[in-house]
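Working notes, beginning with the structure itself.
Numbering (the numbering used here), first residue to last: 2 to 128.
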């Protein structure tokens, strides 16, 4: 009798784990619909220079707003696979609390699709 009770507890635990994982996967799927597709990050090609007796300092390149925002996304979230989608979903959701503390919404808005009601209502309610 005790073995049956243990098996029932184990089955219940498995059901809770499966339900939790299923909920997480559904959440990731919903959030992936709220994020813009990953844009390719422009790469910089090194330029070969000749040495001169008096080198002059080169000006620091200025990043565009899009390049600045793309640089803020973690590398793990910049792929086309499921793991990158999960990392992007976690990263995106972790931006939300900062919005409620008065943080800059530029990255949130950059990653959101225009038709994402959750995304736009979050920005509206935090301004």
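The C-beta atom is built at its ideal place from N, Cα and C for all residues, glycine as well.
* **Whole-angstrom distance between residue 94 and residue 125, CA atom to CA atom** => Linking residue 125 to residue 94 through their CA atoms gives a straight-line distance of about 16 angstroms.
* To do: Quick one: give me the first and last residue of the alpha helix (DSSP H) that residue 128 is part of.
  => Unbroken run through residue 128: none, as it is neither H nor E.
* Counted within 10 angstroms of its Cβ, other Cβ atoms place residue 106 as buried (16 or more) or exposed -> Flag for residue 106 reads buried.
* **CB-CB length for residue 122 against residue 113, believed under 8 angstroms** => Not a contact, Cβ separation roughly 11 angstroms.
* **residue 71 burial status per 10 Å Cβ neighbour count (16 or more: buried)** => By the neighbour-count rule (16 or more Cβ atoms within 10 Å), residue 71 is buried.
* Alpha carbon to alpha carbon, what distance is there between residue 96 and residue 86? -> Between the alpha carbons of residue 86 and residue 96 lies a gap of roughly 15 angstroms.
* To do: Verify the CB distance criterion: does residue 94 have a CB-CB separation below 8 angstroms to chain D?
  => The question asks about chain D, but that chain is absent: this structure has only one protein chain.
* Quick one: what's got a C-beta closer than 6 angstroms to residue 88's C-beta in the same chain, skipping five residues either side? -> Excluding sequence neighbours, residue 88 sits near 77 and 78.
* Secondary structure at residue 106, three-state DSSP: helix, strand or coil? -> Correct three-state label for residue 106: coil.
* **Secondary structure of residue 64, DSSP reduced to three states** => Coil.
* Indicate the three-state DSSP secondary structure (helix, strand or coil) for residue 89 in the structure shown. => The three-state secondary structure of residue 89, taken from DSSP, is helix.
* Asked: Which of helix, strand or coil does DSSP assign to residue 122?
  -> Residue 122 sits in a helix when the DSSP states are folded into three classes.
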